[in-house]
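All remarks here apply to the structure that follows.
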Amino acid sequence: MAAVSLRDVRKSYTSDLQVIHGVSVEIADGEFIVILGPSGCGKSTLLRMVAGLETISGGQIDIGGRVVNELEPKDRDIAMVFQNYALYPHMTVYENMSYGLRIKGFSKEIISQRVDRAAGILELKNFLDRKPRALSGGQRQRVAMGRAIVREPQVFLFDEPLSNLDAKLRVQMRGELQSLHRRLGITSLYVTHDQVEAMTLAQRMIVMNGGRAEQIGAPLEVYAKPATVFVAGFIGSPPMNLLPRGDRILGLRPEHLEPCAAAEATLTIEVDLVEPLGGDTLVYGHETGAGAAEGRARVAVRLPAHAPAGNGRLPLRYGPAQEHWFDTASGKRIER
Amino acid sequence: MVERRPVLTFVRHAVLIAGVALVMLPVYVALVASTLPIASIMTVPMPLWPGTEALQNYAAVIAHGSALGSSAPVGRMMVNSLIMALVIACGKISISIISAFAIVYFRFPLRTACFWMIFVTLMLPVEVRILPTYQVVASLGLVNTYTGLTLPLIASATATFLFRQFFLTIPDELAEAARIDGAGPMRFFLDVVVPLSRTNIAALFVIMFIFGWNQYLWPLLVTTQENMYTTVIGIKRMIPGGDAAAEWNLIMATAILAMLPPAAVILLMQKWFVKGLVESEK
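Going line by line, the protein sequences match chains D and B. If you count the first sequence from 1, position 170 lands on 175 in my numbering, and the numbers rise without skipping. If you count the second sequence from 1, position 159 lands on 187 in my numbering, and the numbers rise without skipping.
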């Protein structure tokens, strides 16, 4: 187990094409960090730089107090789980899990001991003789994790490991990942574009956009105080409503808006879409009225399940404490 | 195609059977001829029922060849042919799988140029460059040697190209996983790439074995001594020039013998061969 630190890490392919613009973060020993961002934001590239699969153009990465910039992946003491699992198709589960140890020259006893232990944790004991092709998606996923666990690395790297699974299995594996981390306590970096995964798994998360870390913080802190307009518009489902107000932007969470009498309304919308979800109802519309001259921003509102909602005008109010303000030019949060 | 009508089924089978008969007839005639004494072959029409001389004919060609044409023993030629076909097939596969591995998995200067150079040689048939090749082989003193017989035919653009196409379908993550597991390039090659390519290797082996076995022009040029003849050359040399009579029963026996090893290779490797051509195993 080890702490990982990234100091002003940069990646450029040519002098004009820079994809990571200096990311710095200190990851504590045993911490579970999720890197979240839309596709193309550089999150996988960042992870692959930690793994050693991409060269580092600038800055410094160190794992357990050792600068690893120039080290081969095998010498970094990391293990990686790939999105498509990358299992060796011609090897059995046992061979897949033990391959790295065999190369390192561990004795047969230690290998079988470690594989047995990992197989026990992941409930793979009955599948050790099978080939990956004879396994289901969830089982393959587990073998990929098993291959990482047997190495007993200092850091786990996950590159969207759950995105090839169906929705139900994803939720289940999410839970297993969490309990695995509790049990092994190994520093983990986890890349995903799924914010639910990020919110549920992360101790801290890094929200990335366009090769920059927009915000680094605990999930609820990021949700409560998004540092930039991008984070505000990315986190939450539906995300924060962003309403232009002069040279500023007003941000309001959908659940912080409540219907009221027309006279008390601080925001009025013209409803055009109602989505009853059972537990609650999502109402979408455009802002109307005096303040809405610019752009007629789109607004989402989360209402209780049985709230009377139909097309037409919906007067809404919100408390001043629920307002988030951002600077239009820089996109940065304005603290009051 | 899924219709089940008796008439259609009948016509379909009739056409197929007629086709097979047409293709098989010459082979059958050769087989029959190889069992007859020379006198009965010379009668018109030639009998189409196997005779009784099979053992004598085959024993004669394997040991002594033909008395009227070349008298090189066919047994020795079969061995030559086998060595040539095996060396060519194995050589082609090992060289092309390694060069395809280099082209796909390594970044080096002029990588694309190298690939295109290999690819361009596909466009030149052996016959076009046979003169300079012969000059080189002769200057190296390799005429009438197994090296001379096989070496010029070993480089294969086709196989390199096929392996390259297959390697491109292996996901990059496998190479990356192997790197993280600590496997160096050659370890990855031997532990992952070669086992994954085994059906392709089998298919190419069959094709290349037959290619090597059936070589005619090159062995004709590069061998001048009877003990280096290959079977295919042997058949030709058994036919005496001019109006001299040929021992067709012995020549046909040699032809049948020449057909056996390629047929055996196909029969033995059929399953792998078809898999390698059809299936793209991930």
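From the three backbone atoms N, C-alpha and C, an ideal C-beta is built for every residue, glycine too.
For the segment 42-63 of chain D, the set of positions with a beta-carbon nearer than 7 Å to some beta-carbon of chain B reads 56 and 58 in chain order. As DSSP reads the structure, residue 209 (chain D) sits in a beta bridge with D:38. If you ignore the 5 residues before and after residue 135 (chain D), its C-beta comes within less than 8 Å of the C-beta of 97 and 98, all in its own chain and listed in chain order. Checking the DSSP bridge columns, you'll see residue 287 (chain D) partnered with D:280 and D:307. Taking a Cβ-Cβ cut-off of 7 Å, the neighbours of residue 205 (chain B) in chain D comprise 87 and 91, given in sequence order. Uninterrupted alpha helix (DSSP H) stretches at least 4 residues long and entirely within the segment 96-162 of chain B occur at 102-133 and 139-149, given in chain order. For residue 199 (chain B), the three-state secondary structure derived from DSSP is coil.
Here DSSP, grouped into helix, strand and coil, assigns residue 134 (chain D) to coil.
Of all residues in the segment 184-214 of chain B, those with a C-beta nearer than 7 Å to a C-beta of chain D are 199, 201, 202, 204, 205, 207, 208, 209, 210 and 211, reading in chain order. For residue 121 (chain D), the uninterrupted alpha helix (DSSP H) run begins and ends at 113-126, by DSSP. Under the Cβ criterion of 8 Å, residue 108 (chain D) is counted among the residues facing chain B.
Within the same chain, Cβ atoms closer than 8 Å to the Cβ of residue 247 (chain D) are found at 234, 237, 238, 254, 255, 256, 302 and 331, the five residues on either side in sequence being excluded. Within 8 Å of the CB of residue 220 (chain B), the CB atoms of chain D belong to 93 and 95, in sequence order along the chain. Excluding residues up to 5 positions away in sequence, nothing lies with its Cβ nearer than 7 Å to the Cβ of residue 128 (chain D) in the same chain.
For the C-beta of residue 270 (chain D), not a single chain B residue is nearer than 7 Å; the gap to the nearest is close to 54 Å. Interface residue (Cβ-Cβ distance to chain B less than 8 Å): residue 84 (chain D) is classified as such. The residue among B:225, B:248 and B:57 with its C-alpha nearest the C-alpha of residue 196 (chain B) is B:225.
Contact holds between the segment 236-247 of chain B and the segment 98-117 of chain B, because three or more Cβ pairs, one in each stretch, are under 8 Å apart. In the assembly as shown, residue 275 (chain B) is a buried residue. Its beta-carbon has 16 or more other beta-carbons within 10 Å. A direct Cα-to-Cα measurement between residue 56 (chain D) and residue 107 (chain B) gives close to 54 Å. Listed along the chain, the chain D residues whose CB falls inside 7 Å of the CB of residue 223 (chain B) are 95. By the Cβ test, the segment 176-193 of chain D is not in contact with the segment 216-234 of chain D, since fewer than three Cβ pairs between them sit closer than 8 Å. With respect to residue 116 (chain D), residue 107 (chain D) sits close: the two C-beta atoms are nearer than 8 Å. Residue 149 (chain D) is a Cβ neighbour of residue 87 (chain D), given a cutoff of 8 Å. With a contact defined as Cβ atoms closer than 8 Å, residue 178 (chain D) and residue 143 (chain D) qualify at about 7 Å. Per DSSP, the beta-bridge partners of residue 275 (chain D) are D:291 and D:318. By alpha-carbon distance to residue 321 (chain D), the top candidate from D:333, D:265, D:311 and D:307 is D:265. One alpha carbon belongs to residue 145 (chain B), the other to residue 204 (chain B), and they sit about 29 Å apart. Using a CB distance cut-off of 8 Å, residue 78 (chain D) counts as an interface residue toward chain B.
Cβ contact annotation for residue 242 (chain B) (same chain, cutoff 8 Å, sequence separation greater than five): 260 and 290, in chain order.
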